[in-house]
Structures are given as structure tokens and as C-alpha cells.
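Asker: Numbering (this note's numbering), first residue to last: 1077 to 1140.
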């Protein structure tokens, strides 16, 4: 499966760029790196396409 790139901004932790098969694997990896025991707020999340175009997936992740 092809990896996609994501830019995720987490409240109090900052901006992170991750490559993963999907956003949920990227978030799981990031949570384990930061601290598996805490709950964090996603301020923004984007998929980075090959041409540098960003697709905002923040509302999808936050359920709004």
C-alpha cells in the first residue's frame, strides 16, 4: 500500500509531519511517540499530495 504524508498540529505539542498508510496509523504512531497515556487535541490535520497541495481533514477527525 502506498504511503501518504500528513501534517498534524497538536495542541501544546506543535506540528508534526508523518508518512503512513492512513491518518489513523499516523495518529497512533504519533500518540505512542508523545505519550500513550494522554489525550491530545488535534488543531489541524492535512494530507499532503504529490504536488504539494494540502487537503484539510481536520473536521473529519474532529467529527464536525
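Idealized CB from N, CA, C, for every residue including glycine.
Report the three-state DSSP secondary structure of residue 1135 (helix, strand or coil).
Answerer: Residue 1135: helix per DSSP, three-state reduction.
Asker: For residue 1096, list the residues DSSP reports as bridge partners.
Answerer: According to DSSP, residue 1096 bridges with 1080.
Asker: How about the stretch 1097-1108 and the stretch 1124-1132: do they share at least three Cβ pairs that are nearer than 8 Å?
Answerer: The stretch 1097-1108 is not in contact with the stretch 1124-1132.
Asker: Can you find a heavy atom of the ligand SAM that lies under 8 Å from the Cβ of residue 1128?
Answerer: The ligand SAM is not part of this structure, which contains no ligands at all.
Asker: Is it right to say residue 1082 is buried, meaning 16 or more other beta carbons lie within 10 angstroms of its own, or is it exposed?
Answerer: Residue 1082 comes out buried.
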